[in-house]
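So for the sequence shown, the working numbering puts the first residue at 18; every next one is plus one. The beta carbon of each residue, even a glycine, is placed where N, CA and C say it ideally should be. Here is the structure we will look at.
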Amino acid sequence: MNSSIRLKQTIIVGAILLLVAFLFTRDIKGLVKPTEENGKMPSSGQMSESAAVSSGLNIQTTSEAAKNVINKNLATDITNLENSYKGATGAEKVELAAQLAQKWDDVEQLTPSALYLEIVAEAKPSATNWLASGNKFLKAFESTQDSLAQPALLQKANTSFTKALALDKENIDAKTGLGVTIVNGLGAPMQGIAMLLEVVAKDPKNIKANMNLGLFSIKSGQFDKAIPRFNTVIAAAPTPEAYFYLATALENLDRNKEAVEAYLNSKKLAANPTLSSFIDKKVVELKNKN
Numbered sequence: 018m019n020s021s022i023r024l025k026q027t028i029i030v031g032a033i034l035l036l037v038a039f040l041f042t043r044d045i046k047g048l049v050k051p052t053e054e055n056g057k058m059p060s061s062g063q064m065s066e067s068a069a070v071s072s073g074l075n076i077q078t079t080s081e082a083a084k085n086v087i088n089k090n091l092a093t094d095i096t097n098l099e100n101s102y103k104g105a106t107g108a109e110k111v112e113l114a115a116q117l118a119q120k121w122d123d124v125e126q127l128t129p130s131a132l133y134l135e136i137v138a139e140a141k142p143s144a145t146n147w148l149a150s151g152n153k154f155l156k157a158f159e160s161t162q163d164s165l166a167q168p169a170l171l172q173k174a175n176t177s178f179t180k181a182l183a184l185d186k187e188n189i190d191a192k193t194g195l196g197v198t199i200v201n202g203l204g205a206p207m208q209g210i211a212m213l214l215e216v217v218a219k220d221p222k223n224i225k226a227n228m229n230l231g232l233f234s235i236k237s238g239q240f241d242k243a244i245p246r247f248n249t250v251i252a253a254a255p256t257p258e259a260y261f262y263l264a265t266a267l268e269n270l271d272r273n274k275e276a277v278e279a280y281l282n283s284k285k286l287a288a289n290p291t292l293s294s295f296i297d298k299k300v301v302e303l304k305n306k307n
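Structure (structure tokens):
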């Protein structure tokens with residue numbers, strides 16, 4: 018009987034994680050993609066970063082690829098700024114790198130933004146600058162669907178957080194980020210978990226730490242441990258992701274009525290047709306089990 022339950026859980030988790038890989042690697046806050054008309058990224062999604070990874074996330078290669086998926090006028094503006102950057106020296110060059118990081122962030126191209134933030138941190142090393150670089154690389158890692166890009170982005174994030182911690186050993190955000198990179202594959206997972214547990218011991222409501230501890234609990238089948246983590250996140254900052262993962266954990270514990278409520282909250286916050294269709298079917302399925 019236990020093996021049957023475990024098999025059921027594995028199948029459910031596998032299906033849901035596949036869906037999550039499709040939906041939640043995007044900017045889920047509304048899940049309405051900006052278009053070329055409003056100067057943001059078109060609905061085709063994030064740029065492919067395979068070429069960038071093959072050259073070590075080279076700024077030039079990454080920049081050229083990113084320009085293919087943004088408004089042409091904005092791409093021209095960025096090109097002009099990049100030309101100024103290439104001809105600059107000293108403090109002016111660092112300032113232009115910071116401007117380029119912001120420009121790329123404005124059009125939701127996270128990898129070139131992170132690479133310019135890394136340049137700023139290298140020129141002006143501080144815990145704050147390295148933390149900004151790490152956070153952007155981590156967000157790029159979480160946002161891309163390019164499996165070739167992910168290891169390089171994760172490594173960059175890990176390095177940035179490590180350097181931030183070297184400059185400020187008590188920096189909770191840097192420790193959280195480093196723990197997340199370790200849990201996601203850069204080291205022994207339990208080492209990363211231990212770091213995240215240290216964070217929540219000092220800051221019990223830390224959103225990023227609780228979210229990742231909850232995700233790890235789901236991946237390891239510890240659904241009962243995942244629930245309080247996601248509830249903590251929801252109490253502080255309710256998101257479609259947190260409700261979706263909470264529903265996943267509740268469903269696997271056969272707490273179907275609560276799972277339905279959590280799924281519907283995820284649907285309401287995300288307002289995404291694909292997710293809505295999935296949740297509608299899931300709700301019917303769970304109600305029929307009651």
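- For Ala254, no alpha helix (DSSP H) segment is defined, and its DSSP state is neither H nor E.
- Around the C-beta of Thr106, fewer than 16 other C-beta atoms lie within 10 Å, and the residue is accordingly described as exposed.
- Using a Cβ distance threshold of 9 angstroms, Leu195 and Leu182 count as a contacting pair.
- Counted as a single uninterrupted DSSP element, the alpha helix (DSSP H) harbouring Thr291 occupies residues 290-306.
- When the beta-carbon positions are compared, Ala276 and Leu267 come within less than 9 angstroms of each other.
- In this structure, Pro129 is the residue among Pro129, Asp163, Leu165 with its C-alpha nearest to the C-alpha of Ser150.
- Per DSSP, Ala105 lies in no alpha helix (DSSP H) segment and is marked neither H nor E.
- In terms of CA proximity to Val197, Val216 leads the group Lys284, Val216, Ala131.
- With respect to Asn282, Pro255 sits close: the two C-beta atoms are nearer than 9 angstroms.
- C-alpha of Leu113 to C-alpha of Gln77: approximately 15 angstroms in a straight line.
- Going by C-alpha positions, Ala264 is about 28 angstroms away from Ile189.
- Under a 10 Å Cβ-count criterion, Lys103 is classified as exposed, with fewer than 16 other Cβ atoms of the shown protein chains found around its own Cβ.
- In the three-state DSSP reduction, Glu125 falls in the coil class, being neither helix nor strand.
- In this structure the stretch 137-152 touches the stretch 166-182; the number of beta carbon pairs closer than 8 angstroms is three or more.
- In this structure, the beta-carbon distance from Thr193 to Lys156 does not fall below 9 angstroms.
- The shortest CA-to-CA distance from Tyr133 to any of Glu139, Ala118, Leu127, Asp271 is the one to Ala118.
- Its Cα nearest to that of Val137, the residue Ala108 stands out among Ala108, Met207, Ala174.
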